[in-house]
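Each residue of the sequence shown is one higher than the one before, counting from 664 in our numbering. To start, the structure under review is shown below, and the notes come after it.
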Amino acid sequence: MDVTRAIWGLFLFILAACETGGLNRSTDGVFAPGVAGPSVEDNLVVGHRLMDAGEYELALKAYNRAALQQGLNVDTMSAIGSANLNLGRLGQAEEWLRRAVAEDPTFPPAWNNLGVILMERGQIAEASEVFRRAFAADNGNSDEIRDNLRLALAKLENPDNNALQQNQNFNLIRRGPGDFALTSDL
């Protein structure tokens, strides 16, 4: 039996030596794929690209992977909220965006997107205040936030104007990663 075991051992040794790279295989990972997935930034980028392509459910999954890898921060919470916003899940989107602005009150896209949700829900007074905060956090640099603030203030000043309500169909428009604007069809 020991002879048979020795022959099998020699056979396996020779077989291993005949493999590509032989017994001196490199350890640089060429022969075995790694198990690590994409980096955190890649998942956020993948999510942003999926949002651009209109694949909101897949984008949400990519943002959730990013949150699992790096934790919940203002970027991941805002991205998850934005994906839910596009999926029409206003309650979930509002919850995530409120958490994002609580985490970082100086993050204009989260404030802006929260304002969009509030406008959609008819909470005009709170939406105008949220857009004011977005505008202040952005130092007035975003035309989209300025336009959203103007629309909210106009609607706040004239809430009973049926012509304004009937002639304006608000749409959610994506303006870069995680940033939305209200537009009206006048």
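By construction, the Cβ of each residue, glycine as well, lies at the ideal position given by its N, Cα and C atoms.
Handout entry: Residue ranges of each alpha helix (DSSP H) within the stretch 756-840, 4 or longer
Key = 771-783, 787-800, 806-820, 825-830
Exercise for the section: Note down the Cα distance separating N811 from G744, rounded to an integer number of angstroms. Expected result: 18 Å
Exercise for the section: Let me know the secondary structure DSSP gives A716 once reduced to three states. Expected result: Note: A716 maps to coil in three-state DSSP.
Problem - Same chain only: Cβ atoms within 6 Å of N749, ignoring 5 sequence neighbours per side - result: For N749, where only same-chain residues beyond five positions count, the Cβ hits under 6 Å are Y719.
Practice task
Express the C-alpha separation of I787 and L827 in angstroms, rounding to a whole number.
Solution key: Confidence in L827 is poor, its pLDDT being 44 and thus under 50, which makes the residue's placement unreliable; the coordinate value appears in the next sentence. When only Cα atoms are considered, L827 and I787 end up about 14 Å apart.
Problem - Endpoints, alpha helix (DSSP H) assigned at L748 - result: 737-749
Practice task
In angstroms with no decimal places, state the Cα-to-Cα distance between S805 and L731.
Solution key: 31 Å
Problem - Where N775 falls, given that 16 or more other Cβ within 10 Å makes a residue buried - result: buried
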